[in-house]
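Reminder that position 37 of the sequence shown reads as 275 in the working numbering, one-by-one numbering, no gaps.
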Amino acid sequence: MADSEQIHPEQTQDLAPVGKVVKTEAEWRAQLNDLEYTVLRQAGTEQPFTGEYTDTTTAGVYRCRACNTELFRSDEKFGSHCGWPSFFAPLAEDRVVYLRDESIPGRPRTEVRCAACESHLGHVFEGEGYDTPTDLRYCINSVCLTLESA
Numbered sequence: 239m240a241d242s243e244q245i246h247p248e249q250t251q252d253l254a255p256v257g258k259v260v261k262t263e264a265e266w267r268a269q270l271n272d273l274e275y276t277v278l279r280q281a282g283t284e285q286p287f288t289g290e291y292t293d294t295t296t297a298g299v300y301r302c303r304a305c306n307t308e309l310f311r312s313d314e315k316f317g318s319h320c321g322w323p324s325f326f327a328p329l330a331e332d333r334v335v336y337l338r339d340e341s342i343p344g345r346p347r348t349e350v351r352c353a354a355c356e357s358h359l360g361h362v363f364e365g366e367g368y369d370t371p372t373d374l375r376y377c378i379n380s381v382c383l384t385l386e387s388a
């Protein structure tokens, strides 16, 4: 995904570099509730249309719930009606990492994780025909995010 996306300098000029966040599983369990832990640390999925940010249109920055790293901006959020918040690009490519996910036989996907704490966020899909600048849909679990209003 990184090769096909362009980072706009005006978006990234004020961002601090992403530092690594390392915690033990016991520390993650103490910090996160059961659903947050299942999704963020065990690559689970919240039920569709139940998340706090699925239909939110509030302007602001979406952060990783586990480590507070800035991940997405509301300007890149769009209504995909898939049941989870959707974005067409991350805040900057150094904010996320991509892993091949073959957990569904015959249907490989690209997992999206927070670059700082390696928490699972969701998946990115391409070529679905959404009218967005990148033709990408970052399908992100609401429970993985917090929203800092602008």
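Positions of the beta carbon are idealized from the N, C-alpha and C atoms, including for glycine.
Because the structure is a prediction, the values reported are computed rather than measured.
For residue i, collect the residues of the same chain with a Cβ closer than 6 Å to its Cβ; drop the 5 residues on either side in sequence, then sort them by chain order.
i	result
F325	F310, E314, K315 and Y376
T384	R301 and R303
Check this for me: beta carbons of residue i and residue j, under 7 Å apart or not?
i	j	result
A320	A354	The sequence shown places Cys at residue 320, rather than the Ala named in the question. Result no, Cβ atoms of C320 and A354 do not sit closer than 7 Å.
L347	H358	Contrary to the premise, residue 347 reads as Arg rather than Leu in this sequence. Cβ atoms of R347 and H358: not closer than 7 Å.
E308	L278	no
S312	A297	yes
N379	E284	yes
V381	E265	no
Tell me which same chain residues have a C-beta within less than 7 Å of the C-beta of residue i, skipping the five on either side of it?
i	result
D373	E364 and G365
V259	C305, A354 and C355
G344	none
P282	The question names Pro, but residue 282 is Gly in the sequence shown. So the list reads T276, once near-sequence residues are dropped.
Starting from residue i, follow its DSSP beta bridges and name the residues at the other end.
i	result
H358	R351
L383	C302
L324	One point to set straight first is that residue 324 is Ser, not Leu, in the sequence displayed. Paired residues: F316 and C377.
V335	R351
E364	L374
### Message
Counting beta carbon pairs with one atom in the region 254-269 and one in the region 361-377, are three or more of them shorter than 8 Å?
### Response
no
### Query
Do three or more CB pairs link the region 287-294 to the region 329-339 at distances below 8 Å?
No, because fewer than three Cβ pairs between the region 287-294 and the region 329-339 fall closer than 8 Å, the two stretches do not touch.
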